[in-house]
Structures are given as C-alpha cells and as structure tokens.
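Residue numbers (our numbering): 1 to 257.
The beta carbon of each residue, even a glycine, is placed where N, CA and C say it ideally should be.
Inspection log for the structure reproduced underneath, given as structure tokens.
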Amino acid sequence: MAKITSAVTFTGKVGGLIGYKRNGKYFLRSVPGKVRQSKATKRAAKRFGAASRKGALIRSALATELDILCDGAHVNQLNKTILHAGRDNHAGLTGFRFNKHKRVRDFFSTELEFTPDGILHIPAQQICAKEGAVRMEVKLIGTRIDFTTGKVTGSDASAMYIDLEGAFTPFTGADMSIEVPGKGTLLVTVRVRLFFESGLSLGRRNNAADIIAVLEEQPAETTSSKDKPNKAPAKEPVATTVRLQRNDNGQPYIQRE
C-alpha cells in the first residue's frame, strides 16, 4: 500500500495499479497476479455481497427523510452490523447509529419508548441540549422494506419542534405516531437536529439518527366460524399523537390530536 501525496489523485484501476480512498486520503496498491478463493472465502464473499446490497437498500430508503451529516464510516458500519446480525435477523439492526459521534439518547435524560402500534412516547424530562441551541427538531421515521424483493413498500414520518431554554429545558412529554401498512420489515428511526440563532447546525455533535426499533410483518390470523366470538371485541383506546403544525407567524408548535 502506497500513499498518494501528489496533487493528482484517482480511484479505480489503471494498468497494474488500483487507486482508492480511505478516510479522506488516497492510496495505491498493485493488482494481484492471481486470486485463489477457497469455499470458505467464497461463502464469506457471498455473505458480504448480500449484506452490502441490504445496507445500500436501507440507506437509499432513508436518504430523503434522514437528511443529516452522517459520519464517513456509517456505510461500512451498517454492512458490518448486518453481517453480525446474521441472515434475516433484521432485529439486529436495532440501535444502529448513522452518526457514531452522537446518539439520540444523548439529547434526552429519559429513554424514549416505541410501541408496536406505531407510537413513540417521549416522557416528561429535562431536555439536554448544547449551550446556544434555541430549538430541537425530533423526527420519527418509519420505513417498511421487503428484503425478499428488495423494494420499499411504504414510509411515513412525523416531526415536532421543542423550544429550548438553555442547556436543560423542562419538557412535559409528547407522543408521536407513524402508520406504515404493507408487506415487509418496518425500520423505525428517530432523527434529532439542533437549531441555533444562525440556523440549522450541521455539526456532527449537533445531530443524531438511530434505528430504535425493527418490527417484522405480522402474519394474518385466520379463524374458523367455530372460533369466532359471539360479540365484537372491545375497541382499543385511542392513542395520543403529535403532528407538526404552524401558527400565523410561521412558528411551529405542537398540537395533540
């Protein structure tokens, strides 16, 4: 491996050399004369290829809604997480951070709670924000992916703003909701961004995006006529949701439904 120090840099294969970029620096290596693969290395290459394709599908599905400055290693880290989780173990993605420098948990003093019916509960607490921040944006993103066909089958997002009053802001709590019907696995991501007087901060320690839950598609239940109840089941309680609204002067506020 040789480091390129000249003003002219390149990536890809040129003659007997391969140029590539790592951590913002350019390197060269020679093309191997012959590559021999054992059965084990072929299996490993196949698993890595499958993980890479799955990782690319997830990144593509979240690209529009995520909209944060991810760290430079998130591509490899996501592929590594998928590999370690194993085939079809999508629950292993829970807790993945798109920004290793900051996690969603760092902005809150109490853990967030997500329920299978699509409700994110943010308990009453003290909001931990960087000094000088005037507003925090919290976004709940639901993305349903059919990994068998490699297609995104649905998505939904809900956002809210919290006005900050210094480093620690009393917060009375709120609920946010998403609804993503369809076929496939549901990935639930929470994104947090801080705003300052000058506007949105793109600093890596001022935003975060984590996959907080992974829900597999539930098979439809079938009941025979003998198993059907004589009376209708009780209705589920109505959940409180939060949607982003704006008042007459254009400022966002939270409205409970």
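D146 and G24 have their C-alpha atoms some 34 Å from each other. Around the C-beta of F168, fewer than 16 other C-beta atoms lie within 10 Å, and the residue is accordingly described as exposed.
The DSSP assignment places no complete run of the beta strand (DSSP E) inside the region 44 to 108 (cut-off: 3 residues). E113 is bridged by DSSP to H121. The C-alpha of V214 lies about 39 Å from the C-alpha of I18. Counting along the chain, the unbroken beta strand (DSSP E) around G19 starts and ends at L17 to R22.
A residue is called buried when at least 16 other Cβ atoms come within 10 angstroms of its Cβ; H84 does not meet this threshold and is exposed.
By the criterion of a C-beta distance shorter than 8 Å, E197 is surrounded in its chain by G132 and V134, once the five residues flanking it on both sides are discounted. From the listed residues G49, G16, K34 and S155, the smallest Cα separation to K183 is found for S155.
In the DSSP assignment, the residues bridged to K139 are A159 and R191.
Membership of F147 in any beta strand (DSSP E) is not indicated, and neither H nor E is assigned to it by DSSP. In the pairwise beta carbon analysis, the region 99 to 107 is classified as touching the region 187 to 207: at least three pairs are separated by under 8 Å. Taking each of L120, D117 and V138 in turn and checking the Cα distance to I127, the smallest one comes out for V138. Counting along the chain, the unbroken beta strand (DSSP E) around L28 starts and ends at K25 to S30. Distances from the alpha-carbon of M160 to those of T148, S6, I141 and G166 put I141 closest. Just so you know, the alpha carbons of G15 and P32 end up roughly 12 Å apart.
In this structure, G55 lies near V75, with their beta-carbon atoms less than 8 Å apart. At the C-beta level, G166 and A124 stay beyond 8 Å of one another.
For R47, the closest of S38, D175 and I82 by C-alpha to C-alpha distance is I82.
Only buried fits D175, as 16 or more other CB atoms lie within 10 angstroms of its CB. Between K100 and A73, the gap from beta carbon to beta carbon is short of 8 Å. According to DSSP, N206 shares a beta bridge with no other residue.
Under the DSSP definition of a beta bridge, V14 partners with L17. Counting only residues of its own chain and dropping the five nearest sequence neighbours on each side, T5 has no CB closer than 8 Å to any other CB.
Spatial neighbours of D210 in its own chain (CB-CB distance under 8 Å, excluding positions within 5 residues in sequence) are listed in chain order as G95, F96, R97, F98, R103, V104, R105, T189 and V190.
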